[in-house]
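So the sequence lines, in the order shown, correspond to chains A and B.
The numbering of the first sequence is the working numbering, which starts it at 1 and goes up by one.
The numbering of the second sequence is the working numbering, which starts it at 1 and goes up by one.
Have a look at the structure below before the remarks.
2 protein chains.
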Amino acid sequence: MDNVSQEDYLTAIYRNLDEAGEIKPNLLASKLEISNAAVTDMLRKLSRDGFVDYQKYKGIKLTGEGELYAKNMLRRHRIWEVFLHQTLGMPWDKVHDEAEKLEHSSSDEIINLLEEFLEYPEVDPHGYPIPDKNGKIKKSKTVVAITELNENDTAKVIRVNDDVKNLLSYVTKIGISLGKEIIVKDKLEYDGSVLMMIDRKEVNISNKIASNIFVEKIK
Amino acid sequence: MDNVSQEDYLTAIYRNLDEAGEIKPNLLASKLEISNAAVTDMLRKLSRDGFVDYQKYKGIKLTGEGELYAKNMLRRHRIWEVFLHQTLGMPWDKVHDEAEKLEHSSSDEIINLLEEFLEYPEVDPHGYPIPDKNGKIKKSKTVVAITELNENDTAKVIRVNDDVKNLLSYVTKIGISLGKEIIVKDKLEYDGSVLMMIDRKEVNISNKIASNIFVEKIK
DNA sequence: TTATATATTTAAGTTCGCTTAAATTTATAA
DNA sequence: TTATAAATTTAAGCGAACTTAAATATATAA
Ligand SMILES: [Mn+2]
Ligand SMILES: [Mn+2]
Ligand SMILES: [Mn+2]
Ligand SMILES: [Mn+2]
Chain A
1 MDNVSQEDYL TAIYRNLDEA GEIKPNLLAS KLEISNAAVT DMLRKLSRDG
51 FVDYQKYKGI KLTGEGELYA KNMLRRHRIW EVFLHQTLGM PWDKVHDEAE
101 KLEHSSSDEI INLLEEFLEY PEVDPHGYPI PDKNGKIKKS KTVVAITELN
151 ENDTAKVIRV NDDVKNLLSY VTKIGISLGK EIIVKDKLEY DGSVLMMIDR
201 KEVNISNKIA SNIFVEKIK
Chain B
1 MDNVSQEDYL TAIYRNLDEA GEIKPNLLAS KLEISNAAVT DMLRKLSRDG
51 FVDYQKYKGI KLTGEGELYA KNMLRRHRIW EVFLHQTLGM PWDKVHDEAE
101 KLEHSSSDEI INLLEEFLEY PEVDPHGYPI PDKNGKIKKS KTVVAITELN
151 ENDTAKVIRV NDDVKNLLSY VTKIGISLGK EIIVKDKLEY DGSVLMMIDR
201 KEVNISNKIA SNIFVEKIK
């Protein structure tokens, strides 16, 4: 397969599987920002080519081959992100969009050389794990969304969702980066927002944002 | 413009302009390995979009904008080649095909950062000059094809055509690399081939190959 | 259970970049 | 100059990846 669209479909499917390992066309369409009709169309092709299990009106599953392909795309994407951030000094809120293009234009050979050059990084600049050549993903620390914390919990930021538009640049603005310590001061009942301390400053973040920042509880 | 094909057309046009600054559709088609009809089609679009001057049955010229765009593509291409060869250690006969894809997927920002990281290289791994941000190309040494040399001339390899299939890997096999010294022993009248010394070994290369290796005469 | 809302598929149509075949123009050679 | 060859354009058509609108199936709520 040598195709930008199909590769983005597979990645989007893999990233958004539910607990049952499925995804609905409607969600996929919204993640890819295209029409439902286009998704139906493409699902037939991906199914014909053996990358997804698809039956009309049923949830979409990846085949073994499809899952491997998707994980390899994540590998390419994340290794490029590390390179752009770490080697070229590009800010973490810009690397995703660039990697979104580069991932389709680089042979496995380039990716393997890059990985070696970068000394085998384990996570991308947003804290997501990098699959190895065989699609194996190291099981990472147990993390929870900030929304799961309780009052007075102290936690360390491990991962921030890199798939949400403008989230990273906003999060940067309020002082959050990987490894940063936060302390939950208050959880507001009526809107689910969270009041917390970052660098000795009080910051209130909405429930929506809190649900996309993943942390490791300290003690 | 955000298009692989159009970008490759512009680059191919620029690289193959004749002394009059023009190229014929037929040559362009063969360089791009597509039909003449496809070229006619695309020329209308490139003309409509202001990148080429085109009138039916006349030679194709680049507009100012078209030339700038083409040179920027060469810049991207060659900077990627330097990175792949120099930083990742990919052999010089493999980097061209990879760069052919990467050139379309990288913002000017990435290219500028890469250029800085590489410490502003002046030529790509095949000896071709790298245009700067403004499209300026440093005028390089005066070179001649090996076919232009005379018996007993000594010369240094400065540039090898990177656009000819399998040329680089062949040339590598017979011991030629950038900077290598050669001595012309004999020029065969009947087929234009050249007999020369490389590393104290006698090597005969065809006229076609000799015409794609560029050297600087020594003394 | 039935009405209504939502999700999904089907149908028809568009743009892009290509193809082959036929028509036409330009170049070359007798 | 004229016949022939070569280059170029035109015409028709294809697959990929989209779109919008309409039809149909499924989910949800009264
Ligand atoms: Mn992508
Ligand atoms: Mn990421
Ligand atoms: Mn290219
Ligand atoms: Mn080159």
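Don't be surprised by glycine CBs; every beta carbon is placed ideally from N, CA and C.
**Message:** Can you tell me where the alpha helix (DSSP H) holding alanine 155 of chain A begins and where it ends?
**Reply:** Not the alpha helix (DSSP H): alanine 155 of chain A falls in the beta strand (DSSP E), residues 154-160.
**Request:** Give every residue of the same chain whose Cβ lies closer than 6 angstroms to the Cβ of isoleucine 174 of chain A, excluding the five residues on either side of it in the sequence, and list them in chain order.
**Result:** If the five residues before and after isoleucine 174 of chain A are omitted, its C-beta is found closer than 6 angstroms to the C-beta atoms of Val203, all from its own chain and listed in chain order.
**Backbone secondary structure at leucine 195 of chain A - three-state DSSP** = strand
**Asked** What does lysine 101 of chain A touch in chain B if you count any residue whose Cβ is under 9 angstroms from its own?
**Response** His104, Ser105, Ser106 and Ser107
**Prompt:** Between B:Lys71, B:Val4 and B:Arg44, which lies nearest to leucine 17 of chain B when the distance is taken from Cα to Cα?
**Reply:** B:Lys71
**Item:** Beta-carbon spacing of valine 52 of chain B, leucine 68 of chain B below 8 angstroms
**Value:** no
**Asked** Are the C-beta of isoleucine 205 of chain B and some C-beta of chain A separated by less than 8 angstroms?
**Response** no
**Prompt:** Going along chain A in order, which residues have a C-beta closer than 9 angstroms to the C-beta of lysine 110 of chain B?
**Reply:** One point to set straight first is that residue 110 of chain B is isoleucine, not lysine, in the sequence displayed. Here the neighbours are Leu84, Leu88, Met90, Glu98 and Leu102.
**Asked** Can you give the beta carbon distance from valine 215 of chain A to methionine 196 of chain A, rounded, assuming they're within the 8 angstroms contact cut?
**Response** Not really, about 10 angstroms apart at Cβ, beyond 8 angstroms.
**Prompt:** Is it buried or exposed for leucine 188 of chain B, if we count other Cβ within 10 angstroms and need 16 for buried?
**Reply:** exposed
**Item:** Completely contained alpha helix (DSSP H) runs for the stretch 22-56 of chain B, where each covers 4 or more residues
**Value:** 25-32 and 36-48
**Item:** CA nearest to the CA of serine 206 of chain A, picked from A:Asp199, A:Asp191, A:Arg200 and A:Lys219
**Value:** In this structure, A:Asp191 is the residue among A:Asp199, A:Asp191, A:Arg200 and A:Lys219 with its C-alpha nearest to the C-alpha of serine 206 of chain A.
**Message:** Starting from valine 184 of chain B, trace the alpha helix (DSSP H) in both directions and tell me its first and last residue.
**Reply:** Where valine 184 of chain B is concerned, there is no enclosing alpha helix (DSSP H), although the beta strand (DSSP E) it sits in stretches over 181-187.
**Item:** Amino acids of chain B, ordered along the chain, whose beta-carbon sits closer than 8 angstroms to that of phenylalanine 117 of chain A
**Value:** Correct list: Thr87 and Leu88.
**Asked** CB glycine 127 of chain A to CB arginine 159 of chain A, shorter than 8 angstroms?
**Response** yes
**Prompt:** Which residues, in order along the stretch 9-43 of chain A, keep a beta-carbon less than 8 angstroms from a beta-carbon of chain B?
**Reply:** none
**Prompt:** Residues in its own chain within less than 7 angstroms of valine 143 of chain B by CB, not counting five upstream and five downstream?
**Reply:** Ile158, Arg159, Phe214, Val215 and Glu216
**Request:** Kindly say whether leucine 113 of chain A, judged by its beta-carbon, lies nearer than 8 angstroms to any beta-carbon of chain B.
**Result:** yes
**Asked** Is DSSP giving alanine 145 of chain A helix, strand or coil here?
**Response** strand
**Prompt:** Quick one, what's near ligand 4 if you take every residue whose CB is closer than 6 angstroms to any heavy atom, in chain order?
**Reply:** The set of residues with a C-beta under 6 angstroms from any non-hydrogen atom of ligand 4 comprises B:Arg78, B:Glu81, B:His96, B:Asp124, B:His126, B:Tyr128 and B:Asp162, given in chain order.
**Request:** Identify, in the order they occur along the chain, each residue of the same chain with its Cβ nearer than 7 angstroms to the Cβ of aspartate 124 of chain B, setting aside the five sequence neighbours on each side.
**Result:** Within the same chain, Arg78, Glu81, Val82 and Ile130 come within 7 angstroms of aspartate 124 of chain B by CB-CB distance, once the 5 residues on both sides are set aside.
**Asked** Skipping 5 residues on each side, what residues in its chain have a beta carbon closer than 8 angstroms to that of leucine 27 of chain A?
**Response** Asn16
**Request:** Taking only heavy atoms of ligand 1 into account, decide whether any of them is closer than 7 angstroms to the Cβ of glutamate 100 of chain A.
**Result:** yes
**Request:** Compute the beta-carbon to beta-carbon distance between methionine 42 of chain B and tyrosine 9 of chain B, rounded to the nearest angstrom, for a pair I have assumed lies under 8 angstroms.
**Result:** 6 angstroms
**Request:** Give every residue of the same chain whose Cβ lies closer than 8 angstroms to the Cβ of lysine 24 of chain A, excluding the five residues on either side of it in the sequence, and list them in chain order.
**Result:** Gly59 and Ile60
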